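Engineer: Encoded as structure tokens, here's the structure I'll be asking about.
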């Protein structure tokens, strides 16, 4: 039997397609490799394996030479989730209703990466409108987990996670409304970060739940994550919810590292009781032990309202979604049903044929929560409970620098395992959704394998503490090799 | 418990024309989801302010400066039915015979 994965001893041993972007940057700058070579090699790899992985909905060749000459991402192959607008290139959000939608502008993150003259390889698969935890809700194709093709890559940013995990892109952007970056990052064995709400502009991100959505990167290690965040962060006048607070120099922080003797880690008891697979728990606890060995102090913290996170999240997210998705009516863009008698029938038939099952389920749940008679009992209560969840984190961060938790209760699950039971699918987000409700930043980094499948460790930080989190993650990766374990493809 | 009639009423509010199978499925699934979600009813939230967003910026203003906009032709370019300048929709006002 061939090995399913390979653990490399150090960064220099990694084959070209698995090297971190910062190594590719050095190779390009020192002319060990040319921009044409890295481009050709990446396209060859995609041609060879994406017929099995199915990360990409379409390839695009964006590499205009007018970019900044000293930029970190100059000529490095990257990918974008297909709910991020790319001017003149079809952007579908994984939905039939936007099957032929050609944006007339670039998302701010797209523009920022174009300004760096990154090589944008393609647009990646996702759950329709980013609603899902397995990428099975895409209207177009099934992306597989690069570690085991019978398993899901996670979701909703499954295509981006699988593209980085299988060496088809050195960085990919996703969006995270309830865990849609961190969960697939954990299940595919790469790093994924949801920055603080407002750190990255959402302009050009097709909206799911506006108070929870945030764009963030997938990368191979924490140093690359810092470079990605350097590229996409900052205030944007086109997104009034983007923050004008100062942006730290993330790559400088990650390269400097962190003295773990000054690190106080919080462990929330509510995230370590019941419902977690033994193999996952074991790897996460082992990672916490590694932090201790490296000098960190570990204390218990309490997040007592975590147990309400699933109902609070799904009531708020679906309410916002039902409002955001009202714009898909067959008039301004996208699909229109071919036959109808009048305007109302045109709306109804268009939306019935254009949306998939999970999107309709969420629109109905959200409309219900917002409808008169139920607004106070569901939507308003959920917003008040959201306050309690925020307060839990505010209290916890008075005592600690970061909080460590699992990302997911299990490793990647099989196709169709949870599609017939929405609640079971929603429960797979249990460790990630509170973070979106509280607007704080969090990242997933690889922390080993359970039965040959990757496990993620979640690092939670206080508002706008990304630099500290990245420094901690980079320091951890200096002393450990979990991030050097790659699927054998 | 959400009845089939309620699902149909909500679907109408959301401008969704569901099939009979969908109405039945969603009625069952939403009932079981709401049963789970009802745990928030046990929370005492009387004195708690609602949170729309933990970090929201209030009343963001910008200078009122005229800037070039996209052309009409560009804006309608994705419309399923257009004459190149307008979004074409079915007649809204009935005309008398």
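Residue numbers (my numbering), protein chains in the order written: chain G, 1 to 489; chain W, 1 to 97. For each residue, glycine too, the CB sits at the ideal point set by N, CA and C. Remember, predicted model here, so these are calculated numbers, not experimental data.
1) Three or more C-beta pairs under 8 Å: does that hold for the stretch 174-188 of chain G against the stretch 142-159 of chain G?
2) Please state if the CB of residue 92(G) and the CB of residue 99(G) are separated by a distance shorter than 8 Å.
3) Could you please tell me which residues of the stretch 42-75 of chain W, in chain order, have their CB closer than 8 Å to any CB of chain G?
4) Kindly list the residues whose CB is nearer than 7 Å to the CB of residue 475(G), restricted to its own chain and excluding five residues on each side of it in sequence; keep chain order.
5) Can you tell which of 356(G), 331(G) and 449(G) has its C-alpha closest to the C-alpha of residue 344(G)?
6) On the DSSP letters alone, give me the boundaries of the alpha helix (DSSP H) that residue 37(W) sits inside.
7) Less than 8 Å separating the beta-carbons of residue 97(G) and residue 16(W)?
8) Roughly how many whole angstroms lie between the Cα atoms of residue 56(G) and residue 106(G)?
9) Which stretch, first to last residue, makes up the beta strand (DSSP E) that contains residue 250(G)?
10) For residue 300(G) and residue 417(G), what's the separation of their Cα atoms in angstroms?
11) Residues in the stretch 137-168 of chain G with C-beta within 7 Å of chain W's C-beta atoms, listed in sequence order?
12) Kindly indicate which residue of 185(G), 392(G) and 101(G) has the alpha-carbon position closest to the one of residue 303(G).
13) If you run the structure through DSSP and keep just helix, strand and coil, what is residue 423(G)?
14) List, in chain order, every chain W residue whose beta-carbon is nearer than 9 Å to that of residue 390(G).
15) Suppose you measure from the CA of residue 19(G) to the CA of residue 221(G); what does that come to, to the nearest Å?
16) What does the Cβ neighbour count give for residue 131(G), buried or exposed, with the cut at 16 atoms within 10 Å?
17) To the nearest whole angstrom, what separates the beta carbons of residue 166(G) and residue 428(G), a pair I think is in contact under 8 Å?
18) Nearest to residue 323(G) by CA position, among 207(G), 312(G) and 426(G), is which residue?
19) Would DSSP call residue 8(W) helix, strand or coil?
20) Threshold first: 3 residues or longer. Then list the beta strand (DSSP E) segments lying entirely within the stretch 201-266 of chain G, N to C.
21) Take the Cβ of residue 84(W) as the centre, count every other Cβ of all protein chains shown within 10 Å, and call the residue buried at 16 or more, exposed below.
22) Is the CB of residue 306(G) under 8 Å away from at least one CB in chain W?
23) Could you give the DSSP three-state label for residue 145(G): helix, strand or coil?
24) With a CB to CB cut of under 8 Å and the five nearest residues on each side skipped, what residues in its chain are close to residue 13(W)?
25) Within the stretch 368-425 of chain G, note down every full alpha helix (DSSP H) run reaching 4 residues or more, in order along the chain.
26) Check distances from the C-beta atoms of the stretch 311-329 of chain G to those of chain W and list, in chain order, the residues that come in under 8 Å.
27) Is it true that the stretch 305-318 of chain G meets the stretch 431-438 of chain G, where meeting means three or more beta-carbon pairs spaced less than 8 Å apart?
28) Quickly, what does DSSP pair residue 442(G) with across the bridge? List them, please.
29) Does residue 78(W) have its Cβ less than 8 Å from a Cβ in chain G?
30) Would residue 215(G) and residue 202(G) be called neighbours here (beta carbons separated by less than 8 Å)?
31) Residue range of the beta strand (DSSP E) that residue 92(W) falls in?
32) Please work out which residues of its chain come closer than 6 Å, Cβ to Cβ, to residue 445(G), disregarding the five sequence neighbours upstream and downstream, and give them in chain order.
33) Assign residue 58(W) to one of two classes, buried (16 or more other C-beta atoms within 10 Å of its C-beta) or exposed (fewer than that).
34) In this structure, how does DSSP classify residue 74(G) when only helix, strand and coil are distinguished?
Structural biologist: Reading off the structure:
1) Yes, the stretch 174-188 of chain G touches the stretch 142-159 of chain G.
2) yes
3) So the list reads 43, 45, 48, 49, 50, 51, 52, 53, 54, 55, 56, 57, 60, 62, 70, 74 and 75, given in the order they occur along the chain.
4) Scanning its chain for C-beta atoms nearer than 7 Å, with the 5 sequence neighbours on each side dropped, one finds around residue 475(G) the residues 257, 258 and 260, in chain order.
5) 331(G)
6) 20-37
7) no
8) 19 Å
9) Residue 250(G) -> not in any beta strand (DSSP E); alpha helix (DSSP H) instead, spanning 250-256.
10) 34 Å
11) none
12) 392(G)
13) helix
14) 51 and 54
15) If you draw a straight line from the Cα of residue 19(G) to the Cα of residue 221(G), it is about 10 Å long.
16) Its Cβ being crowded by 16 or more others within 10 Å, residue 131(G) is buried.
17) About 22 Å separates the two Cβ atoms, so there is no contact after all.
18) 207(G)
19) Helix, per DSSP.
20) 215-219
21) exposed
22) Answer no: the Cβ-Cβ gap between residue 306(G) and chain W never drops below 8 Å.
23) strand
24) Cβ contact annotation for residue 13(W) (same chain, cutoff 8 Å, sequence separation greater than five): none.
25) 381-396
26) So the close ones are 311, 312, 314, 315, 322, 326 and 329.
27) yes
28) 194(G) and 460(G)
29) Judged by the 8 Å Cβ criterion, residue 78(W) is in contact with chain G.
30) Result yes, Cβ atoms of residue 215(G) and residue 202(G) sit closer than 8 Å.
31) Segment: none, residue 92(W) is in no beta strand (DSSP E) and carries neither H nor E.
32) Taken in chain order, the residues that qualify are 191, 457 and 473.
33) exposed
34) Coil at residue 74(G), not helix or strand.
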